[in-house]
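Visitor: Residue numbers (my numbering), protein chains in the order written: chain Y, 50 to 436; chain C, 50 to 436.
Protein chains: 2
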Amino acid sequence: MSEINLLIPGPTPLPPEVMRAMSRPMTSHRGPAFGRIMREILDGLGEVFQTRSDIIPLVASGTGGLEASVVNFLSPGDRVLSVNNGHFCERYAEIAERFGARVDRVTAEWGRPVPAEAVAARLREDTRREYRAVLVTQSETSTGVHNDVRAVREALADHPALLMVDAISSLGAIPLETDGWGVDVVVTASQKALMSPPGMAFLSVSERAWEAAERATGPRFYFDLRRGRAEARKPHPGTPFTTAITVAYAVHAALGLIHAEGLPRVFERHRRMARMVRAGVRGMGLHTLVDDEHAVNTVTTVRVPDGVDGRAVGAHARDRYAVLLGSGIGRLEQAIVRIGHLGYTRQEWLLAGLEALGRTLADLGHPVRTEAGLRAATDSLEAPAPL
Amino acid sequence: MSEINLLIPGPTPLPPEVMRAMSRPMTSHRGPAFGRIMREILDGLGEVFQTRSDIIPLVASGTGGLEASVVNFLSPGDRVLSVNNGHFCERYAEIAERFGARVDRVTAEWGRPVPAEAVAARLREDTRREYRAVLVTQSETSTGVHNDVRAVREALADHPALLMVDAISSLGAIPLETDGWGVDVVVTASQKALMSPPGMAFLSVSERAWEAAERATGPRFYFDLRRGRAEARKPHPGTPFTTAITVAYAVHAALGLIHAEGLPRVFERHRRMARMVRAGVRGMGLHTLVDDEHAVNTVTTVRVPDGVDGRAVGAHARDRYAVLLGSGIGRLEQAIVRIGHLGYTRQEWLLAGLEALGRTLADLGHPVRTEAGLRAATDSLEAPAPL
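(1) Within the 8 Å Cβ cut-off, does Gly93/Y reach chain C?
(2) Buried or exposed: which applies to Thr176/Y, given that a residue is buried once 16 or more other Cβ atoms fall within 10 Å of its Cβ?
(3) Residues in its own chain within less than 6 Å of Thr76/C by CB, not counting five upstream and five downstream?
(4) Can you list the residues of chain B that Glu52/Y reaches, using a CB-CB cut of under 7 Å?
(5) Could you name the residues of the segment 227-246 of chain C whose beta carbon sits closer than 7 Å to any beta carbon of chain Y, in the order they occur along the chain?
(6) Let me know the secondary structure DSSP gives Ser188/C once reduced to three states.
(7) In the structure shown, what three-state DSSP assignment does Ser429/C receive?
(8) Starting from Val132/Y, follow the alpha helix (DSSP H) in both directions and report where the run begins and ends.
(9) Measure from the C-beta of Thr349/Y to each C-beta in chain C and report whether the shortest distance is under 8 Å.
(10) What's the gap between the Cα of Ser102/C and the Cα of Arg318/C?
(11) Let's test the definition: count the other Cβ atoms within 10 Å of the Cβ of Pro433/C and tell me whether it reaches 16, buried, or not, exposed.
(12) Which residues mark the beginning and the end of the alpha helix (DSSP H) in which Arg395/C is found?
(13) At 9 Å on the CB atoms, spell out the chain C contacts of Tyr141/Y, in chain order.
(14) Quick one, which of Arg178/C, Ser188/C and Tyr180/C has its alpha-carbon nearest Val46/C's?
(15) Quick check on the burial criterion: 16 or more other C-beta atoms within 10 angstroms. Buried or exposed for Ser72/C?
(16) Is it true that the segment 373-389 of chain C meets the segment 169-186 of chain C, where meeting means three or more beta-carbon pairs spaced less than 8 Å apart?
(17) So does the segment 317-335 of chain Y actually touch the segment 115-135 of chain Y, counting three or more Cβ pairs closer than 8 Å?
(18) Is the number of C-beta pairs between the segment 412-421 of chain Y and the segment 208-222 of chain C that are closer than 8 Å three or more?
(19) How far does the alpha helix (DSSP H) with Asp341/Y in it extend, from its first residue to its last?
(20) Going by DSSP in three states, Pro416/C sits in which element: helix, strand or coil?
(21) When the Cα atoms are used, what is the spatial distance from Met50/Y to Leu243/C?
(22) Out of Glu52/C, Thr350/C, Arg171/C and Lys241/C, state which residue places its alpha-carbon closest to the alpha-carbon of Arg327/C.
(23) Using DSSP's beta-bridge definition, name the partner residues of Asn54/Y.
(24) Residues in its own chain within less than 8 Å of Ala142/Y by CB, not counting five upstream and five downstream?
(25) Does the distance from the CB of Arg118/C to the CB of Leu252/C come in under 8 Å?
(26) Who pairs with Tyr180/C in a beta bridge, going by DSSP?
(27) Rounding to the nearest angstrom, what Cα-Cα distance links Ala425/C and Gly329/C in this structure?
(28) What are the residues that DSSP puts in a beta bridge with Arg151/C?
(29) Would you kindly check if the distance between the Cβ of Gly392/Y and the Cβ of Gly114/Y is under 8 Å?
(30) Taking a contact to mean a Cβ-Cβ separation below 8 Å, would you say Ile53/Y touches Leu373/Y in this structure?
(31) According to DSSP, is Leu212/C part of a helix, a strand, or is it coil?
(32) Please return the same chain residues whose Cβ sits closer than 6 Å to the Cβ of Glu179/Y, not counting the five positions on each side in sequence.
This is the structure we're talking about:
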């Protein structure tokens, strides 16, 4: 398989340090050598989650992590409020429904944020305090919208519902102050801003959420997070079932990189890359789906010109220029392409991606100002950093 | 972390070809490049499973694969028969119970096989044909017993219950003729005889099992195997959720090795290694837990001498000789140590493990005939192959 410029919003390319870590020899997931690594992983994740709560690792994709949050903290019949403006918000809601929750949705058009006031209004209407949880996807990767978790928390005010956040494609890329904001459950996965291969999910669990886990009535075994809690609190944690050891080696190395760079600088780097891509897209004469105020710094969704199919753009960029853009999802499949810029990205890869996008549109009969776009992108790097 | 002689019954050491495969660049789990790899993986697994049925990949440990078989093919209230003579048989039964099945167990002492006649008798008693499934663990790794899947299938005779086999630590090490014997569901995982890191599980699903999946009433989302079926039947399959791409790269390479060696020779190699280890153990004057007729060729369970704790033996061998033996599990924790010899093993590693076991016992004040054991082990390699 030849090298490709991978610009999807995860899985992301792997840093050389992470690749090297995966060549460590295999070991036992129950031995002390691995236990020391797992301790450093869980402690390092605590820094990135910005929490002192338990972090529980799972062998699963991010969707498995979302399911774990549903089956541990909700029961059949529970009422749930879904902040819902995209494919991944809807997936979280759908999982909750599949396991018997009664889900109300507070929606917005795809590409627009859900107003916090609308969330607050729905919660105020719940005078009997029946909602058990509010579900929100911080980086709605299908549209490129940044859902404001802090505003949702404020909308909850003193409502006792758990705040459960899908941070799969956001944790470690944009700020999420789990303890500072008061988030009960945060779900993430290894293959996004954690710069590792897919295969593991991680959840932080507040004390209130653990209490809910004791009350939850649905069946769970593999995803029973209480099994992992006893391990996670040991000096040298094992895992209840065999863990994905090479993925754990990768996450361990990636956390070392994040720690060395420092979380504020990691966030700033994501801001700069996002700003550069947006400047490039607009400099070409193209439009982003999301206005800058609500765009997430992990992915940019680009409207393709009228008369072009986003799927054709993606296929041509891949086959002709060896650039893998993210395709549109669901109702946006034909309308957009997505440029991921999270985790291990480099500005030259993103510039090459922008150039390939411009040339692809020209090849397909819709020429854009590719050179002007590239200039605007590089110029943006020299502009003073935004506050 | 220093190099250790890893002799647990999985995760196993990784062949160099598998290590190299994991350094392939990251890619999209939905693109055609990965789809070609996934096609070869599923086809290669079909050879190892000896089936033409669908093979569905999951991101999960083996336990997650077992749970997937329970939630897809059983419903709450279903009656199930568990062939049960060890920790992993009991885990399978426990998962079924957790999801509402009513499980009857046909048991044997740990270290002894469950007589097929006892299974047949229980099934004959079920005159109303209420059992929906029979669960059996082919390689009961906690005791080292080989449960005879073919005999269980014969015991089923014309009973319509599904035969569901936990082949996590056996598939690719000892014969399992999924189609030839008529097994409905086989579950395995990446980190055993498939010589890859942990992180993926694979299930084969017969047409009868798919019919059961349509009738099953319990909730499932992440583990809903029907989601993977449509993908698995494509020329270039993706996966419904992000798959563990580096683990898939590893499995792809390992299947190439298995195909090149040929399944009959792979099985023969496992027979030779098992015979060598058993000869070595007995040559030292130690006893195996299981008689040769019922011992599985993936792991040898060794009784530690009276007055020694198996846990102390394992810790000493690890800390003094850098050999990682498997510890006893559950009620056998103190009574045995386990020597894994499945997947990527080499006779010199096993001989070094036997030597470390002998020296450890001497260090702990229970000297054994270490040299005689090593001679018996190497002599066994020159003896004519058993039929």
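The beta carbon of each residue, even a glycine, is placed where N, CA and C say it ideally should be. What you are looking at is a predicted structure, and each value in this text was computed from that prediction instead of being measured.
Guide: So, from the listed chains and residues:
(1) no
(2) exposed
(3) Ala82 and Phe83
(4) Considering every chain present, this structure includes no chain B. Its protein chains are Y and C.
(5) Gln240 and Pro246
(6) strand
(7) helix
(8) Here Val132/Y belongs to no alpha helix (DSSP H); instead the beta strand (DSSP E) covers Arg128 to Asn133.
(9) no
(10) 27 Å
(11) exposed
(12) Looking at the DSSP string, Arg395/C is not in any alpha helix (DSSP H), and its letter there is neither H nor E.
(13) None at all; the shortest Cβ gap to chain C is about 11 Å.
(14) Given a span of 50 to 436 for chain C in the structure shown, any question on residue 46/C remains unanswerable.
(15) exposed
(16) no
(17) no
(18) no
(19) Asp341/Y -> no alpha helix (DSSP H), and no H or E assigned at all.
(20) coil
(21) Its pLDDT being 40, under 50, Met50/Y is placed unreliably in this model, and the coordinates cannot settle the point.
(22) Thr350/C
(23) Val372/Y
(24) Val129, Ser131, Asn133, Val152, Arg154 and Leu184
(25) The sequence shown places Ser at residue 118/C, rather than the Arg named in the question. In contact: Ser118/C and Leu252/C (Cβ atoms closer than 8 Å).
(26) Arg128/C
(27) 5 Å
(28) Arg128/C
(29) no
(30) yes
(31) strand
(32) Arg128
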